[in-house]
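Chemist:
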Amino acid sequence: MSDKVLLDYGSGGRASQRLISELFLKYLGNDELNRLNDAAELAMSGRLAMSTDSFVVDPIFFPGGNIGSLAVHGTVNDVAMMGAIPRHITCAYIIEEGLPMDDLEQIVAAMGKAAEEAGVTVVSGDTKVVPKGAVDKIFINTTGIGDIIVDPAPSGDAAKPGDAVLISGTVGDHGLTILGTREGLDFEARVESDSASLNHLLIKLVEGLPEVHVLRDPTRGGLATTLNEITSSSNVCCELIESDLPIKAEVKGGCSILGLDPLYLANEGKFLCILPQEHADKALEIMRADPLGAGACQIGTMTDANPGKVVLVTPLGGKRLLGMLEGEQLPRIC
Amino acid sequence: MSFELLEKFRDPDLCRKMLDKMQGDLTNDLRFMEVCGTHTVAIFQSGLRSLLPEKIVHLSGPGCPVCVTHESEVNAFLDLAGHDRVIMATFGDLMRVPGDNGRNLKKAMADGARVKVVYSPFDTLKLAKENPDDLIVFIGVGFETTAPTIAGTMKMARAQGIENLRVLCFHKTVPTALEALLSDEAINIDGFILPGHVSAIIGVEPYNFIAEKFGKSAVVTGFEPLDILQSLTQMIDWRNKGEAHVVNNYTRIVGENGNPKALEVMYEVFEPTDALWRGIGLIPGSGLEIRPEWELFDAKKEFGITIEEGPALKGCKCGDILKGIKQPVECPLFGKACTPANPVGPCMVSTEGSCAAYYKYKLD
Ligand code: SF4
Ligand code: SF4
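Protein chains in written order, with the working numbering: chain A, 214 to 547; chain B, 10 to 373.
1) Specify whether the region 514-521 of chain A and the region 45-65 of chain B touch according to this definition: at least 3 beta carbon pairs, one from each stretch, less than 8 Å apart.
2) List the residues of chain B whose Cβ lies closer than 8 Å to the Cβ of residue 396 of chain A, in chain order.
3) For residue 260 of chain B, does the count of other Cβ atoms within 10 angstroms reach 16, so buried, or fall short, so exposed?
4) Buried or exposed: which applies to residue 395 of chain A, given that a residue is buried once 16 or more other Cβ atoms fall within 10 Å of its Cβ?
5) If the criterion is Cβ atoms closer than 8 Å, does the pair residue 24 of chain B and residue 177 of chain B meet it?
6) Jot down the residue ranges of each uninterrupted alpha helix (DSSP H) in the region 45-86 of chain B, minimum 4 residues, whole runs only, in chain order.
7) Who are the neighbours of residue 208 of chain B on chain A, taking C-beta pairs under 9 Å?
8) Check whether the Cβ of residue 547 of chain A lies closer than 8 Å to any Cβ atom in chain B.
9) Got a sec, what are the start and stop residues for the beta strand (DSSP E) residue 298 of chain B sits in?
10) For residue 346 of chain A, I'd like the list of residues in its chain whose CB is within less than 8 Å of its CB, leaving aside the five on either flank, ordered along the chain.
11) Should residue 257 of chain A be labelled buried (16 or more other beta-carbon atoms within 10 Å of its own) or exposed?
12) What do you get for residue 257 of chain B, buried or exposed, if any count of 16 or more other CB atoms within 10 angstroms of its CB means buried?
13) So residue 276 of chain B contacts chain A; which residues on that side make the cut at Cβ distance below 7 Å?
14) Classify residue 282 of chain B as helix, strand or coil using the three-state DSSP reduction.
15) Does the Cβ of residue 324 of chain B lie closer than 7 Å to at least one heavy atom of ligand 2?
16) Is the beta carbon of residue 271 of chain B closer than 8 Å to that of residue 210 of chain B?
17) Return the CA-CA distance between residue 413 of chain A and residue 420 of chain A, expressed in angstroms with no decimal places.
18) Please check the pair residue 295 of chain B and residue 186 of chain B, which I expect to be a contact at CB under 8 Å, by giving their CB distance rounded to whole angstroms.
19) List the residues of chain B whose Cβ lies closer than 7 Å to the Cβ of residue 527 of chain A, in chain order.
20) Quick check: is the beta carbon of residue 30 of chain B nearer than 8 Å to any beta carbon in chain A?
21) Run through chain B and tell me which residues come within less than 9 Å of residue 536 of chain A, C-beta to C-beta.
22) In its own chain, which residues sit with a C-beta less than 6 Å from the C-beta of residue 417 of chain A, not counting the 5 before and 5 after it?
23) Ligand 2 and residue 352 of chain B: does any heavy atom of the ligand fall closer than 7 Å to the residue's C-beta?
24) Which residues in the same chain as residue 35 of chain B place their Cβ atom closer than 8 Å to its Cβ, once the five residues preceding and following it in sequence are excluded?
25) Kindly list, in the order they appear in chain B, the residues whose Cβ is closer than 8 Å to that of residue 533 of chain A.
26) What are the partner residues of residue 215 of chain A, as DSSP defines its beta bridges?
27) Mapping the DSSP letters down to three states, classify residue 307 of chain A as helix, strand or coil.
28) Within the same chain, show all residues whose beta-carbon is closer than 7 Å to that of residue 501 of chain A, passing over the 5 residues directly before and after it, in chain order.
29) Relative to the alpha-carbon of residue 424 of chain A, which residue among A:223, A:372, A:528, A:288 has its alpha-carbon at the smallest distance?
30) Just checking: is the beta-carbon of residue 19 of chain B within a distance shorter than 8 Å of some beta-carbon in chain A?
31) Taking only the alpha-carbon atoms, compute the straight-line gap between residue 101 of chain B and residue 127 of chain B and give it to the nearest angstrom.
32) So with Cβ pairs under 8 Å, would you call residue 524 of chain A a contact of chain B?
33) Please list the residues of the region 221-239 of chain B that have a C-beta atom closer than 9 Å to any C-beta atom in chain A, keeping them in chain order.
34) Please work out which residues of its chain come closer than 8 Å, Cβ to Cβ, to residue 41 of chain B, disregarding the five sequence neighbours upstream and downstream, and give them in chain order.
35) Any idea what DSSP makes of residue 408 of chain A, helix, strand or coil?
36) When burial is assigned at 16 or more other CB atoms within 10 Å of the CB, is residue 184 of chain B buried or exposed?
Have a look at this one:
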């Protein structure tokens, strides 16, 4: 194969076949995918969770992962947040002509590894190559499907006053890593994306607890936006205790340089768990027993004070609104 | 500054004590203006706003460079953004500032304008080298905090022989604006919380007129809760004694004389000029323009741009808000026709703008 991705590789002819067999099947292959049928044949029934997401991250390589692993983690997590065991994913690659073949190989390899770790099989896929400039290097869409094992399934509108709000670890790591890498900024201390599949931990959690109201991964828009979505669909108020929010010192530092708020930065390996306060200790115990939840803690409580709103209780004891993000966070003048 | 040291300026017990003392010392309503938007945001973010005695009225001043950028200046950079040869370079804050007919840089980009958000003015040097056939136009908005770095960038461009960089210079200076505010009869302010970052450059002396000429107090203040509380308690104390002073409480960052080096660079490249402030109007001597020796870098000259006072935006009360005459919630458009998603005035756009801060943080 050539050392760059050529338009030919998306032609559907021989070149495409070579790309598929020599690269994609090498890293993603399994009995179902190897059949190369038009669609996958799956044996699934009952209540299923399905989710799709497109990954257009810039840069495509970053400390802690790349767009290939991210495309698995993101979709696996979305399925798992429904109290489901993710089983299969599909992937569609849209590649810019000229992408170095080595880069593509690294991305597909990372996707294969991430899928294996998450215990999902890639059962169907698609590759398109588009002319230079039509996309930015590479875009990947993944769709995932899994069996829901919790009844009722956790849902964003199920939070109740009196519930505890737990987070599985520090926030802002992924978002700051991406922004920092994109801008070529060298932070004093190294920050790394937290990108990871959370399904194994989530299964332990939902199997060990009688009642989990909400599971959510605070990706784009960050913790603050996700909590706003939950409070508005559940019509409850979330009181967050600012001093309990886990944020790494280096993330705080990087954010203050850039004028960003870590609470609005994306996370790719963290989840929010909202459940009755009496189960909070047990949930934290389960989370902390797993490396991906080692930093788990309670950050707040749901109340009926200001329905639909997220209120931050500051270390001084003052209260203020923690609103939704408007547009993207942008660096400020000074 | 280390985080441990900063934590000391957030000590909840000490804050509580100062709040109690303040409560006892206050005899009547006091109106304080925090000149700088970062203070407005800090007061909200720390939760201080919900804890301060009701007798203390906080007004946000003209200290956010985005808010005071005149509508004619906004239109000027929006016009330029459509220009064939031009790549606009800007800090992120300006992307959503509305010009006439709801135009903004984001929309201009969607229409094909080339706009690049930079984190530092120095990034424009790289842009200029990478795009030798284009003209990089940096939107120079900001006070004494920002202007020296932009002057430094121009100096570096000259040293490196870069000829395709221009600065659209809308810089403004803070003390001149405060003097204009204080001279306005309609304005009723008991004391000023002076901006930390601007003062780090200009020092304390340029504010002395506040006490000497107008008999009001003013304190250069840091951004932590204790910084703010300390300055407020002092000013209440002076007021009770009938005194007025200008002092520097932010000594960990601000030297008495500021940063003479930065000022030198700034005045090597720029010279004072009259400037239009949004909602306030013309303030003589309150702006900076590029000196004739640096003309090559002057975007206004290159494109023949003039800035003129036009009719004010309909309904927007930005002027009254910047002057401390009205609070954001008193603007009839606040939270209705004007929201961060659909800002009418720049006070709702800038993260440091007072309308945006009220919208974002105010609980009830
Ligand atoms: S930080 Fe600078 S620009 Fe921002 S409000 Fe303060 S003085 Fe103004
Ligand atoms: S609420 Fe909007 S229209 Fe009113 S003063 Fe603020 S920015 Fe201007």
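We put the CB at the ideal spot given by N, CA and C, even for glycine.
Modeler: In brief:
1) Under the three-pair Cβ rule at 8 Å, the region 514-521 of chain A does not count as touching the region 45-65 of chain B.
2) Here residue 396 of chain A is taken as the residue at index 183 of the first sequence, counted from 1. For the C-beta of residue 396 of chain A, the chain B residues within less than 8 Å are, from N- to C-terminus, 128.
3) Position 251 of the second sequence, counted from the first residue, corresponds to residue 260 of chain B. Exposed, because fewer than 16 other Cβ atoms sit within 10 Å of the Cβ of residue 260 of chain B.
4) In the first sequence, counting from the first residue as 1, residue 395 of chain A sits at position 182. By the 10 Å Cβ count, residue 395 of chain A comes out exposed.
5) Here residue 24 of chain B refers to the residue found at position 15 when the second sequence is read from its first residue. Here residue 177 of chain B refers to the residue found at position 168 when the second sequence is read from its first residue. Going by C-beta atoms, residue 24 of chain B is not nearer than 8 Å to residue 177 of chain B.
6) If one requires a minimum length of 4 residues, the alpha helix (DSSP H) runs lying completely within the region 45-86 of chain B are 46-54, 74-77, in chain order.
7) As a first step, residue 208 of chain B must be located in the second sequence, where it is residue number 199. The premise fails here: residue 208 of chain B is roughly 12 Å from chain A at the closest Cβ pair, so nothing lies under 9 Å.
8) Counted from its first residue, the first sequence places residue 547 of chain A at position 334. Reliability fails at residue 547 of chain A, whose pLDDT of 43 lies under 50, so the model's placement of it is uncertain and no value is given.
9) In the second sequence, residue 298 of chain B corresponds to position 289, counting from 1. Here the beta strand (DSSP E) through residue 298 of chain B covers 290-299.
10) In the first sequence, the residue the question calls residue 346 of chain A occupies position 133. These residues qualify, in order along the chain: 309.
11) Indexing the first sequence from 1 puts residue 257 of chain A at position 44. Exposed, by the Cβ-count rule.
12) Sequence index remark: in the second sequence, residue 257 of chain B carries index 248 (1-based). Around the beta carbon of residue 257 of chain B, 16 or more other beta carbons sit within 10 angstroms, so the residue counts as buried.
13) For the purposes of this step, residue 276 of chain B is identified with residue 267 of the second sequence, where counting begins at 1. Neighbours of residue 276 of chain B on chain A: none; closest Cβ ~19 Å, over 7 Å.
14) Walking along the second sequence from the start, residue 282 of chain B turns up at place 273. The DSSP-derived three-state label of residue 282 of chain B is strand.
15) On the second sequence, residue 324 of chain B is found 315 positions in, with the first residue counted as 1. Residue 324 of chain B: yes, Cβ under 7 Å from ligand 2.
16) Reading the second sequence from its first residue, position 201 is the one you call residue 210 of chain B. Reading the second sequence from its first residue, position 262 is the one you call residue 271 of chain B. Their beta carbons are under 8 Å apart, which means residue 210 of chain B touches residue 271 of chain B by this criterion.
17) Here the question's residue 413 of chain A lines up with position 200 in the first sequence. Here the question's residue 420 of chain A lines up with position 207 in the first sequence. Spanning the two alpha carbons is a distance of roughly 11 Å.
18) As a first step, residue 295 of chain B must be located in the second sequence, where it is residue number 286. As a first step, residue 186 of chain B must be located in the second sequence, where it is residue number 177. Between residue 186 of chain B and residue 295 of chain B the Cβ distance is about 5 Å, and since that is below 8 Å, they are a contact.
19) For the purposes of this step, residue 527 of chain A is identified with residue 314 of the first sequence, where counting begins at 1. Taking the beta carbon of residue 527 of chain A as reference, the chain B residues within 7 Å of it are 55, 56, listed in sequence order.
20) As a working mapping, residue 30 of chain B is identified with position 21 in the second sequence. Among the CB atoms of chain A, none fall inside 8 Å of the CB of residue 30 of chain B.
21) Numbered from its first residue, the first sequence carries residue 536 of chain A at position 323. In chain order, 349, 368, 369, 370 make up the part of chain B whose C-beta sits under 9 Å from the C-beta of residue 536 of chain A.
22) Residue numbering aside, residue 417 of chain A sits at position 204 when the first sequence is read from its first letter. Leaving aside the five residues that flank residue 417 of chain A on each side, the residues in its chain whose CB is nearer than 6 Å to its CB run, in chain order, 499.
23) Your numbering for residue 352 of chain B matches position 343 in the second sequence. Indeed, a heavy atom of ligand 2 lies less than 7 Å from the Cβ.
24) Position 26 of the second sequence, counting from 1, holds the residue named residue 35 of chain B. Contacts found: 62, 64, 65, 245.
25) Position 320 of the first sequence, counted from the first residue, corresponds to residue 533 of chain A. Residues of chain B passing the Cβ test: 53, 54, 56, 58, 59, 370, 371, 372.
26) On the first sequence, residue 215 of chain A is found 2 positions in, with the first residue counted as 1. According to DSSP, residue pairing for residue 215 of chain A in a beta bridge does not occur.
27) Numbered from 1 along the first sequence, position 94 holds the residue referred to as residue 307 of chain A. Of the three classes helix, strand and coil, the one that applies to residue 307 of chain A here is strand, per DSSP.
28) One-based indexing of the first sequence puts residue 501 of chain A at position 288. Cβ-Cβ distances below 7 Å link residue 501 of chain A to 507, 509 in the same chain, with the five nearest sequence neighbours on each side left out; the list follows chain order.
29) Position 211 of the first sequence, counted from the start, is the residue given in the question as residue 424 of chain A. It is A:372 whose Cα lies nearest to the Cα of residue 424 of chain A.
30) For the purposes of this step, residue 19 of chain B is taken as residue 10 along the second sequence, with counting starting at 1. Yes, residue 19 of chain B lies at the interface with chain A (some Cβ there is under 8 Å from its Cβ).
31) Along the second sequence, read from residue 1 onward, the residue named residue 101 of chain B stands at position 92. Along the second sequence, read from residue 1 onward, the residue named residue 127 of chain B stands at position 118. Inter-residue distance for residue 101 of chain B and residue 127 of chain B is about 7 Å (C-alpha atoms, whole angstroms).
32) Looking up residue 524 of chain A in the first sequence gives position 311. In terms of beta-carbon proximity, residue 524 of chain A lines the interface with chain B, with at least one pair separated by less than 8 Å.
33) The region 221-239 of chain B vs chain A, Cβ under 9 Å: 234.
34) Walking along the second sequence from the start, residue 41 of chain B turns up at place 32. Excluding positions up to five away in sequence, the list reads 65, 66, 67, 68, 198, 199, 200, 201, 202, 241, 244.
35) Taking the first residue of the first sequence as 1, we reach residue 408 of chain A at position 195. In the structure shown, the three-state DSSP call for residue 408 of chain A is coil.
36) By 1-based counting over the second sequence, the position of residue 184 of chain B is 175. Result: buried.
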